[in-house]
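Notes for the one structure printed next.
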Ligand code: ARG
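Residue numbers (the working numbering): 2 to 566.
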C-alpha cells in the first residue's frame, strides 16, 4: 500500500523535519475538502507569515502527479486529493491478496507478552462479573498473536485462601459426594452460602475452618484431596464455558502454585531493606507514594494476595522473560496493582515497568449487581444460554429455511455476549441488556455477522467464483461510497496495532461497526448484481474485501462468523 502521508510530506516545501511534517498530516474529516490535510498553524512562527498565507504559498509550490491529483489552500490548511480510483483498487487488492492474514504483522516477532486474564476463583460460580476479563483478555491474546508476538495466556486461579477451609467444613457437615459431582459448582456454592448463614450464630465453625485451612497448607492428605476435588469440579465447569467462548490458556498456574515460591522474593525484599514490621505483620511502607502499606506476611505467618502476585511476577519473568505482562482485572483492584508494582519497582527490578494493569469497568444486568456470598449471582452460562435461545428465535423468524440453525444461534448468541464486553472503552461500567446486544440492526455482533453473511450471499448469488482475478471495470468503483468504505478497510491494520498498544479491543469493534455501516450505504447506492458483468465483478471485489475484513476483525474479538444466517 502506498504511504500517502509520506508522499505528501515529500511534496511540502516547509522548514520542518520530514518526520514531524508527516506527524501533522491528518486524514480529512470531510472528503469534500480532500483526503489529507496539513495544518499550517505550526509554521506561522518560523515562517513569520499568517497560516492562510503559508497555505497559499505552499500550495502554489506543489507539483501534482498520478498519486496526488490536486492540492489547495483552504483557511490555513493545505488540502490534498489523492488519486482515488487508484487508492480504491490498491486497498481492495491488498485485502484480497492477504485474505485471513489481513491485519497481521511481524512487529511482535521475538517478543513475549504474558496476559493474566479471566483468573477465576475455585468453588465460585463463573458469573457475569468475569465476562469482561475473559472477553478482553482473550481478545488481546488473539490480537497480540496476530501481530507476531509470542503470547502466554495465564489463568491465575484463585485457589488459595481461608475460604477453602470453610468449604471443607461445609462439605463435611452438609455435603454429599454424589450431589456435588452431579450439580458441580452450583452445589459447592450452595454449601458455601450455607456456611456463611450458619457461621453467624456458630462461631466454632469459623475456628474449624481455620484449622482445615492450616491442614491444606501443611499438605494433609484428606484436606488436599477434598481441595483437589473442588478444584476439578470448578475447572470442569469453567472449561465448558471457555470452549463455547473460544477462550484458551497456556497456563493454569494459580495462587496456590506459588505456595513454595514466595520465600526467595520475600528475602530479596528484606535484603533490600524494604520490609518493615508493623504489629507483628511484615509490610512495605508506601507512605511516600501516597498509598497504604503493602501487606506481605500476616502476624500468623500466612501470605497474602499481594505476596502471591509478587512471587508470580518474579516467576513469570524467569520462566517467560516477558517484554510485557498484562493483568486484565477490574478497576476495583487498582490499588492492589499499584502497590505491588511499586514494591517491585522499589526493589530495583528494571522490568517492573513492563507490568501493566489493564483495568475495566463493571458489568451488571438490568436488575443490578451481585454478591457471591449471599448467593444471588447471575451465571455467565445462563446469560449465554438465554442469548443463544433468543438468537434462535430471531433466526427462525427471519430465515426459517436456514440449515444448522442451532449452530448459527450459538455463534450469534455467544458473539453478542462477547461483543457486549468489547464494544465500549473497557473502563466504562456497562449494563447488559439482552434486547440491545441481540439487536440485528444495532451496533452489535449480530449486526456485523449479519452484514458478513449478506456479503457471502451476494457473492454466492452472482455465481462468480474467483471473480477477483477476472478483469473488471474499475470505473464502477469510482464513487464516494466505495471510497469511504475503502478508507475504513485501509484503517484496519493500524487499528489492530492501536488496539494492542492501548489494550483496547473496542477500537476494533468500533471500526467494524463503521465498516458495516459504510458497506450498507455502498450497497444501497450501487447495485452489485447486474447484467453488466465487468461492473458487477468490480463491485463484488468490494463485497469480498468487506467480508474478509469483518471476518478477520470479529475473529480477533473471539467471535465466529456464520457463513449464512
Ligand atoms: N481471582 C481474582 C479475582 O477474581 C483475579 C486475579 C487476577 N490476577 C492476579 N494476578 N491478581 O478477583
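Note that CB positions come from ideal geometry on N, CA and C, so glycine has one too.
Point to revise | Beta-carbon proximity list for residue 323, same chain, < 7 Å, skipping 5 on both sides | key: Excluding residues within five positions, the ones whose Cβ falls inside 7 Å are 113, 114, 115, 317, 355.
Exercise for review: Look at residue 137 and residue 491 and say whether their C-beta atoms are less than 8 Å apart.
Suggested key: No, Cβ-Cβ distance for residue 137 and residue 491 is not below 8 Å.
Exercise for review: Would you check if the distance between the CB atom of residue 270 and the CB atom of residue 248 is smaller than 8 Å?
Suggested key: The answer is no: Cβ separation not under 8 Å.
Check your understanding: So what does DSSP say about residue 303, is it helix, strand or coil?
Key -> If DSSP states are grouped into helix, strand and coil, residue 303 belongs with coil.
Point to revise | Cβ-Cβ separation, residue 158 to residue 120 (assumed contact under 8 Å), whole Å | key: Rounded, the Cβ-Cβ distance is 7 Å, consistent with contact.
Check your understanding: Helix, strand or coil: which one does DSSP assign to residue 124?
Key -> Three-state DSSP puts residue 124 in coil, outside helix and strand.
Practice item. Report yes if the C-beta of residue 1 is less than 7 Å from at least one heavy atom of the ligand ARG; otherwise report no. Key: This structure does not reach residue 1, given that the chain is present from 2 up to 566, and the question cannot be answered.
Check your understanding: Which one of 95, 215, 148 has the shortest CA to CA distance from residue 108?
Key -> Comparing Cα-Cα distances from residue 108 to each of 95, 215, 148, the minimum goes to 148.
Point to revise | Straight-line Cα distance separating residue 10 from residue 544 | key: Note on geometry: alpha-carbon atoms of residue 544 and residue 10 lie some 33 Å from one another.
Review point. Beta carbon of residue 136: closer than 7 Å to some heavy atom of the ligand ARG?
Key: Because no heavy atom of the ligand ARG lies under 7 Å away, the Cβ of residue 136 does not count as near it: no.
Review point. In whole angstroms, what separates the C-alpha of residue 12 from that of residue 30?
Key: Each residue's Cα considered, the two are about 22 Å apart.
Point to revise | Exposed unless 16 or more other CB atoms sit within 10 angstroms - verdict on residue 313 | key: With 16 or more Cβ atoms within 10 Å of its Cβ, residue 313 is classed as buried.
Point to revise | Reference residue 42, options 334, 15, 437, closest by Cα | key: Here the closest residue by C-alpha is 15.
Review point. Between which two residues does the beta strand (DSSP E) harbouring residue 192 extend?
Key: No beta strand (DSSP E) holds residue 192; the alpha helix (DSSP H) holding it covers 186 to 200.
**Study point:** Close-in-space but distant-in-sequence residues of the same chain around residue 344 (CB under 6 Å, 5 per side omitted)
**Key:** 285, 295.
Point to revise | Beta-bridge pairing of residue 117 - partner residues as DSSP gives them | key: In the DSSP assignment, residue 117 forms a beta bridge with 155, 328.
Exercise for review: Out of 537, 539, 558, state which residue places its alpha-carbon closest to the alpha-carbon of residue 514.
Suggested key: Measuring from the Cα of residue 514, the nearest candidate turns out to be 558.
Point to revise | Span of the beta strand (DSSP E) around residue 279 | key: Where residue 279 is concerned, the enclosing beta strand (DSSP E) stretches over 276 to 279.
Point to revise | Proximity to residue 385 [Cα-Cα], best of 361, 366, 417, 357 | key: For residue 385, the nearest C-alpha among the options comes from 417.
Point to revise | Where the beta strand (DSSP E) containing residue 358 begins and where it ends | key: Unbroken beta strand (DSSP E) run through residue 358: 356 to 361.
Practice item. Note down the Cα distance separating residue 305 from residue 421, rounded to an integer number of angstroms. Key: Taking the straight line from one Cα to the other gives about 33 Å.
Review point. Which residues in the same chain have their Cβ closer than 6 Å to the Cβ of residue 363, if we skip the five residues on either side of it in sequence?
Key: Closer than 6 Å at the Cβ level, and outside the excluded window around residue 363, lie 430.
Point to revise | Among 460, 402, 390, nearest to residue 436 - alpha-carbon criterion | key: Looking at the Cα atoms, 390 is the closest of the given residues.
Review point. Cβ of residue 330 within 7 Å of any heavy atom in the ligand ARG?
Key: Checking every heavy atom of the ligand ARG against the Cβ of residue 330, one is found closer than 7 Å.
Practice item. My understanding is that residue 214 touches residue 163, with C-beta atoms under 8 Å, so please give their C-beta distance in whole angstroms. Key: About 5 Å separates the beta carbon of residue 214 from that of residue 163, a gap short enough to meet the 8 Å contact definition.
Check your understanding: Are the Cβ atoms of residue 566 and residue 403 separated by less than 8 Å?
Key -> Against a cut-off of 8 Å, the Cβ pair of residue 403 and residue 566 comes out as a contact.
Check your understanding: Which class does residue 535 belong to by DSSP, given the choice of helix, strand or coil?
Key -> Residue 535 falls in the helix class under three-state DSSP.
Practice item. Can you check DSSP and say which residues form a bridge with residue 71? Key: The partner list for residue 71 (beta bridge, DSSP) reads 82.
Check your understanding: Smallest Cα separation from residue 22: which of 79, 2, 67, 53?
Key -> Of the candidates 79, 2, 67, 53, the one whose C-alpha sits nearest the C-alpha of residue 22 is 79.
Check your understanding: Contact check, residue 551 vs residue 459 under 8 Å by CB: the rounded distance?
Key -> Between residue 459 and residue 551 the Cβ distance is about 13 Å, and since that is not below 8 Å, they are no contact.
Check your understanding: Can you tell me the Cα-Cα spacing of residue 237 and residue 180, whole angstroms?
Key -> Each residue's CA atom was taken as its position, placing residue 237 and residue 180 some 15 Å apart.
Check your understanding: Buried or exposed: residue 36, going by 16 or more other Cβ atoms within 10 Å of its Cβ?
Key -> Answer is buried; the Cβ neighbour count reaches 16.
Check your understanding: Okay, do the region 73 to 92 and the region 42 to 57 touch, 3+ Cβ pairs below 8 Å being the bar?
Key -> Result yes; three or more Cβ-Cβ pairs closer than 8 Å.
**Study point:** Contact check, residue 96 vs residue 549, beta carbons under 8 Å
**Key:** Yes, they are a contact pair.
Check your understanding: Within this structure, are the beta carbons of residue 199 and residue 189 separated by less than 8 Å?
Key -> No.
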